[in-house]
Amino acid sequence: MVNSPNLWEEVEKWKSRLSLKYNKTILYAPSFEQEGKEEDFIQALHTMEVNLLIKHADWNDNLPQAATFKQCIADMRKLHEGNYENLYYIETKENIFPLIALSDLIVSDDSSVMTEALLFHVPSISVSEWRNYTLPYHYVFQCSKAELRQYAEDILKDKGKEKDIQKWSSEIFSNVGKTTSLFMDLVEYYTQNGEKREFLQYRLEPTYEPVALWN
Numbered sequence: 039m040v041n042s043p044n045l046w047e048e049v050e051k052w053k054s055r056l057s058l059k060y061n062k063t064i065l066y067a068p069s070f071e072q073e074g075k076e077e078d079f080i081q082a083l084h085t086m087e088v089n090l091l092i093k094h095a096d097w098n099d100n101l102p103q104a105a106t107f108k109q110c111i112a113d114m115r116k117l118h119e120g121n122y123e124n125l126y127y128i129e130t131k132e133n134i135f136p137l138i139a140l141s142d143l144i145v146s147d148d149s150s151v152m153t154e155a156l157l158f159h160v161p162s163i164s165v166s167e168w169r170n171y172t173l174p175y176h177y178v179f180q181c182s183k184a185e186l187r188q189y190a191e192d193i194l195k196d197k198g199k200e201k202d203i204q205k206w207s208s209e210i211f212s213n214v215g216k217t218t219s220l221f222m223d224l225v226e227y228y229t230q231n232g233e234k235r236e237f238l239q240y241r242l243e244p245t246y247e248p249v250a251l252w253n
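Listed below in structure tokens is the structure:
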């Protein structure tokens, strides 16, 4: 994906389509829009000389609370769209990966987009008031709403060096570029007595396993 020419063509299309005002871009991409998160984001950052992209999740109507989240998304857009010259709304159905790739920073609650951003060496901030638990991601900056502006400024000025984003990217996505060959080695090993065994080192073992009740 990261090395796909199609992806980077999409990135260039987005840049052209949006006509971004500034050189730096911050992407707001939460799991859930509720309780004015988008308002918090905009009020904290809209006076910075950065582009602010808003990309919400594309909720399936059959999922619980989908209607509630969709209404919150619509309400926030109605409140903010057109009021800030550096604010850009992205439709929920759009592919988020080109948008991550063109961004310099992600702001979210607890979304997996903060892990996916590592593919592009893009740092992320999680705002503590937007979630109900401690985030177990060591590669994500975590701050309060009151601290969001300062964290964003520092990271964009390359002061947030205590998080080695490239190191975390290499550890979590260590198989980028060789997944297909490893998968084919696995298939050949188990179906045709293949000799290549490198894929075995990536085998995942569960932390907990089911046991018989009376053992």
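Taken in order, the sequence shown gives residues 39 to 253; the numbers are from the working numbering.
Even for Gly, the Cβ is constructed at its ideal location relative to N, Cα and C.
(1) Spatial neighbours of L224 within its chain, please: CB distance less than 6 Å, with the 5 preceding and 5 following residues excluded, ordered by chain position.
(2) Which residues in the same chain have their Cβ closer than 7 Å to the Cβ of M152, if we skip the five residues on either side of it in sequence?
(3) For L90, list the residues DSSP reports as bridge partners.
(4) Just how far apart, CA to CA, sit K59 and E50?
(5) With DSSP as the reference, label F79 as helix, strand or coil.
(6) Enumerate, from N- to C-terminal direction, the unbroken beta strand (DSSP E) stretches of 3 or more residues contained entirely within the segment 167 to 225.
(7) How about F70 and F107: are their beta carbons less than 8 Å apart?
(8) Quick check on this structure: which residue in E154, N44 and I128 has the alpha carbon closest to the alpha carbon of R115?
(9) Kindly give me the distance between the Cβ atoms of T130 and A184, rounded to whole angstroms, as I take these residues to be in contact under 8 Å.
(10) Kindly confirm or deny that the segment 180 to 196 and the segment 81 to 90 touch, where touching means at least three C-beta pairs closer than 8 Å.
(11) Using the beta-carbon count (16 or more within 10 Å), is K205 buried or exposed?
(12) Quick one: what's S162 bridged to in DSSP?
(13) If you reduce the DSSP assignment to three classes, tell me which class F237 lands in.
Checking against the coordinates, here is how it stands:
(1) Position 186 of the sequence shown, counting from 1, holds the residue named residue 224. Once the five neighbours on either side are set aside, the close Cβ partners of L224 are F237.
(2) Mapped onto the sequence shown, residue 152 falls at position 114. Only I144, S146, S162, S164, Y175 and V178 meet the Cβ criterion.
(3) Residue mapping note: residue 90 aligns to position 52 of the sequence shown, counting from 1. Looking at the DSSP assignment, L90 forms a beta bridge with I64 and L125.
(4) Position 21 of the sequence shown holds residue 59. Position 12 of the sequence shown holds residue 50. K59 and E50: Cα-Cα distance of roughly 15 Å.
(5) Translated into positions along the sequence shown, residue 79 becomes position 41. F79: helix per DSSP, three-state reduction.
(6) 179 to 181
(7) For the purposes of this step, residue 70 is taken as the residue at position 32 of the sequence shown. For the purposes of this step, residue 107 is taken as the residue at position 69 of the sequence shown. A contact, by the Cβ cut-off of 8 Å.
(8) The residue labelled residue 115 in the question sits at position 77 within the sequence shown. Here the closest residue by C-alpha is I128.
(9) On the sequence shown, residue 130 is found 92 positions in, with the first residue counted as 1. On the sequence shown, residue 184 is found 146 positions in, with the first residue counted as 1. Contact between T130 and A184 is absent: CB atoms are separated by about 29 Å, not below the 8 Å threshold.
(10) Segments in contact, yes.
(11) The residue given as residue 205 occupies position 167 in the sequence shown. By the 10 Å Cβ count, K205 comes out exposed.
(12) Numbered from its first residue, the sequence shown carries residue 162 at position 124. According to DSSP, S162 bridges with I144.
(13) Along the sequence shown, one-based indexing puts residue 237 at 199. The answer is helix: DSSP assigns F237 an H, G or I state.
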